Amino acid sequence: MQAYKIEPSPDDPVPSAPPLWMLFAVFAKLGITSIGNGVNGMLHAELVVSRRWLSEDQFLSGLAVSQALPGVNIANLALWLGYQQRGIAGALAALTAVVLPPAVVIVLIGGSILHLSAVPVIGALLAGLATSAAGLSLSVGYRAARHAYRDIFSGILFLTALVGGIVFHLSAITLVAILAPVGVGIGFVREWHERR
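So for the sequence shown, this note's numbering puts the first residue at 1271; every next one is plus one.
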């Protein structure tokens, strides 16, 4: 199985691979504490800022890969990072950790959450969590956009995706199907010019 390896830049930290138990513990914590789309912000805080397992470039590249794959971003990123750090055992540890604890919580409180959300205090708490998750998601989106903007072509692709999604209500799949080949083509042309 070939892993998608992201080459570190000279400025990247070079941490040692975490032990399996630590991969499991970190992703279990992320899986049980992350809410909605705020997961990307929590992933960034834990994996880049706190643990320094990934550089900013590596995180954003890994996030892009995980978002391009079908499935849940955190599960895809857990698989990717676990495999990069500790091979198949790391991938299985990280994936199990990110899926199992939330599944147990859902089974335990799933039936009562509908009744609890009718309680005004709980409803307000859930609304606050949703707002916080949206803010975390926006912060990662801003960071990714700032990082990805390298030239005019990157800016045009970004604006095209933004307008396509907001104005024309194109789905993410449609936008990726249209813009990914363009982005890859621009990347190849850029590489070709740099090698000349």
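Yeah, the Cβ is synthetic: ideal placement off N, Cα and C, and Gly gets one too.
Computed from a predicted structure; not experimentally measured.
Check                                                                                                       : Outcome
Under 8 Å between C-beta atoms of G1352 and G1360                                                           : yes
N1346, buried or exposed, once every other Cβ within 10 Å from all chains shown has been counted against 16 : buried
Top-ranked residue by Cα proximity to W1291, from A1363, G1301, A1315, V1335                                : A1363
The stretch 1302 to 1319 / the stretch 1391 to 1408 touching (three or more Cβ pairs under 8 Å)             : yes
Proximity to S1424 [Cα-Cα], best of I1443, R1460, R1466                                                     : R1460
Local conformation of P1372 per DSSP, three classes                                                         : helix
Cβ neighbours of L1449 in the same chain (closer than 7 Å, five flanking residues each side left out)       : L1427, T1430, A1431
E1316 - containing alpha helix (DSSP H), residue span                                                       : Run containing E1316: none; DSSP gives neither H nor E here.
For T1303, the nearest candidate out of P1289, V1368, G1393 (CA to CA)                                      : V1368
N-terminal and C-terminal residue of the alpha helix (DSSP H) that D1327 is part of                         : 1326 to 1338
Sub-8 Å separation of W1323 and V1335 beta-carbons                                                          : no
Per-residue DSSP class, three states only, for A1287                                                        : coil
Coil, strand or helix - A1361 by DSSP                                                                       : helix
Buried versus exposed call for N1298 [16 or more other C-beta atoms within 10 Å across all chains shown]    : Note that residue 1298 is Ala in the sequence shown, not Asn. By the neighbour-count rule (16 or more Cβ atoms within 10 Å), A1298 is buried.
Alpha-carbon spacing of P1289 relative to A1295, whole angstroms                                            : 10 Å
Nearest-angstrom Cα separation, counted from G1434 out to Q1354                                             : 34 Å
Pick from E1326, L1317, V1374, I1443 that is closest to A1348, judged by C-alpha positions                  : L1317
Span of the alpha helix (DSSP H) around H1463                                                               : 1442 to 1465
Counted within 10 angstroms of its Cβ, other Cβ atoms place R1356 as buried (16 or more) or exposed         : buried
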